[in-house]
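Reviewing the structure listed below.
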DNA sequence: ACTGATAGTTTAGGGGGTAAACTATTGACC
DNA sequence: GGTCAATAGTTTACCCCCTAAACTATCAGT
C-alpha cells in the first residue's frame with residue numbers, strides 16, 4: 332500500500348501539477364495564443380450559465396473577485412462578452428456576445444479533435460471507460476474539497 | 332462514441348486545465364505559500380538528477396532558459412540550491428543544499444498525507460488501481476507528445 | 001435618514017511566461 | 001596563434017495571472 336501511495340503522489344505531481352501546464356504551453360493554436368486558458372475558462376462558464384455575476388464567476392473559478400474583474404475587463408475589450416444591468420444596480424450580469432460564442436465553439440472543436448486523435452491512437456476502448464470513470468471522480472472531488 | 336469524446340473533453344478541461352490550479356491555490360500550507368509550484372518542481376527535478384544544467388532543466392520543465400534563470404535566482408536567494416562550476420566555465424551545475432533537500436522532503440510528505448487521506452476516504456481499492464493505470468498512461472503521453 | 005452589508009473596481013506587490021539582445025567562453029578551422 | 005561561429009546563461013521589455021486591502025457605489029433594515 333505504501334508504495335502505491337508513493338507512486339500516486341509522483342503521478343499526481345507529474346500529470347496534474349506540471350504536465351498540463353507544459354502541454355498547454357506547447358500547443359500552438361492561434362486561439363490559445365490570443366486568449367489565455369483563464370479567459371477561455373471564463374467564456375466557458377459564462378456560456379454554461381447564460382448570465383452570471385462576477386461574484387459567482389469568482390467562486391466557480393476559485394479566485395478573488397479582483398482577478399475576475401481583471402479578466403472580464405479584457406474579455407469586454409475583446410468584445411467576447413457584454414454586460415447586462417439588473418434591477419440591483421450594484422450587480423452586473425455577464426453574457427457572451429456572438430463573437431464570444433464563436434470563440435468558445437471553435438475552442439471546443441479543436442480540443443475535441445485533439446482528444447479524439449489522442450484516444451484513437453494511444454488508448455484502447457477499455458481504457459477510455461476507465462479514464463472517464465476516474466476523471467468523473469476527480470472532478471467531483473475537486474469541486475467539493477479541493478484535491 | 333461521439334458522446335464519450337464530448338464528455339472526455341469536458342472532463343479534460345475541468346480537471347486538468349482548471350481543477351488543479353484551483354486546488355493548488357486553495358491548499359493552505361506554509362510551504363506552498365513560501366515556494367511556488369514551479370519552484371518546487373525545480374527542486375524536485377534537481378533532486379532527481381543530482382546535478383543539472385540550466386539548459387536541461389529548461390527542457391524538462393518545458394520553458395525557456397530565461398524562465399529557468401529567473402527561477403534559479405530565487406532558489407539561490409532562498410539558499411535551497413547551490414552552483415557548482417564545471418571545467419566548461421560557461422556552464423553551471425545546480426544541486427540541492429541541505430535546506431533544499433529538507434524542503435523537498437517536507438513537501439513530499441505533505442502531499443503523501445493528502446493523497447492518502449483522499450484515497451482512503453473517497454476512493455476504493457479497485458479505483459486506486461485504475462487511477463494509477465490511467466495516470467501512468469497520461470504521464471507517458473505527456474512526455475512524448477504533449478497531450 | 002443612518003449604517004452595515006454587498007458588488008465590483010482599483011492599486012500595490014509578487015508569481016509565471018516569451019522573445020530578443022547581450023556577455024562570456026569554448027572549440028574548430030585557417 | 002588568431003578569428004569567428006556556436007553555446008550557456010543573464011538581462012530587459014512586455015505580457016498574463018494572482019492576492020490583499022482600500023475604495024466606490026448601491027442596497028436594505030432599523
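Residue numbers (the numbering used here), protein chains in the order written: chain A, 332 to 478; chain B, 332 to 478. Backbone N, C-alpha and C fix where the C-beta goes; we use that ideal spot for every residue, glycine too.
Open item on the list: For the alpha helix (DSSP H) containing residue 391 of chain B, name the first residue and the last one.
Closed with: 385-392
Open item on the list: Please report whether the beta-carbon of residue 350 of chain B lies at a distance below 8 Å from any beta-carbon of chain A.
Closed with: yes
Open item on the list: My output table needs one value for residue 423 of chain A: the three-state DSSP class, helix, strand or coil.
Closed with: strand
TODO: State the start and end residues of the unbroken alpha helix (DSSP H) segment that holds residue 399 of chain A.
DONE: 396-408
Open item on the list: Counting only C-beta atoms, is residue 274 of chain A closer than 8 Å to chain B at any point?
Closed with: It is not possible to answer for residue 274 of chain A, since the shown part of chain A is limited to 332 through 478.
TODO: Would you mind telling me which residues of chain B sit closer than 7 Å to residue 340 of chain A, beta carbon to beta carbon, in chain order?
DONE: 439, 442, 443, 446
Open item on the list: Based on DSSP bridge pairs, tell me the residues matched to residue 413 of chain A.
Closed with: A:426
TODO: Measuring alpha carbon to alpha carbon, tell me which of B:359, B:337, B:349 ends up nearest residue 441 of chain B.
DONE: B:359
TODO: Return the CA-CA distance between residue 460 of chain B and residue 415 of chain A, expressed in angstroms with no decimal places.
DONE: 49 Å
- [ ] Look up residue 456 of chain B in the DSSP assignment and say whether it is helix, strand or coil.
- [x] helix
Task: Proximity test, Cβ basis, 8 Å: residue 478 of chain A and chain B - done: A caution first: residue 478 of chain A carries a pLDDT of 39, below 50, which makes its placement in the model unreliable, though a value can still be read off. Closer than 8 Å to some Cβ of chain B, the Cβ of residue 478 of chain A qualifies, so yes.
Task: Inter-stretch contact at 8 Å, needing at least 3 Cβ pairs: the stretch 451-467 of chain B / the stretch 340-351 of chain A - done: yes
Task: residue 466 of chain B, DSSP secondary structure in three states - done: helix
TODO: Report the three-state DSSP secondary structure of residue 367 of chain A (helix, strand or coil).
DONE: coil
Task: Listed by chain order, chain B residues near residue 361 of chain A by CB distance under 9 Å - done: Residues of chain B passing the Cβ test: none, with the nearest at roughly 16 Å.
Task: Nearest-angstrom Cα separation, counted from residue 373 of chain B out to residue 470 of chain A - done: 27 Å
Task: Short Cβ contact (8 Å threshold) for residue 393 of chain B with residue 357 of chain A - done: yes
- [ ] Given a cut-off of 8 Å, decide if residue 413 of chain A and residue 428 of chain A are closer than it, judged by their beta-carbon atoms.
- [x] yes
Task: Pick from B:361, B:339, B:336, B:386 that is closest to residue 434 of chain B, judged by C-alpha positions - done: B:361
TODO: Starting from residue 340 of chain B, trace the alpha helix (DSSP H) both ways and give me its first and last residue.
DONE: 333-342
Task: Nearest-angstrom Cβ-Cβ length linking residue 384 of chain A and residue 423 of chain A, presumed shorter than 8 Å - done: 7 Å
Open item on the list: What are the residues in the stretch 380-404 of chain B lying within 8 Å of chain A by C-beta distance?
Closed with: 392, 393, 394
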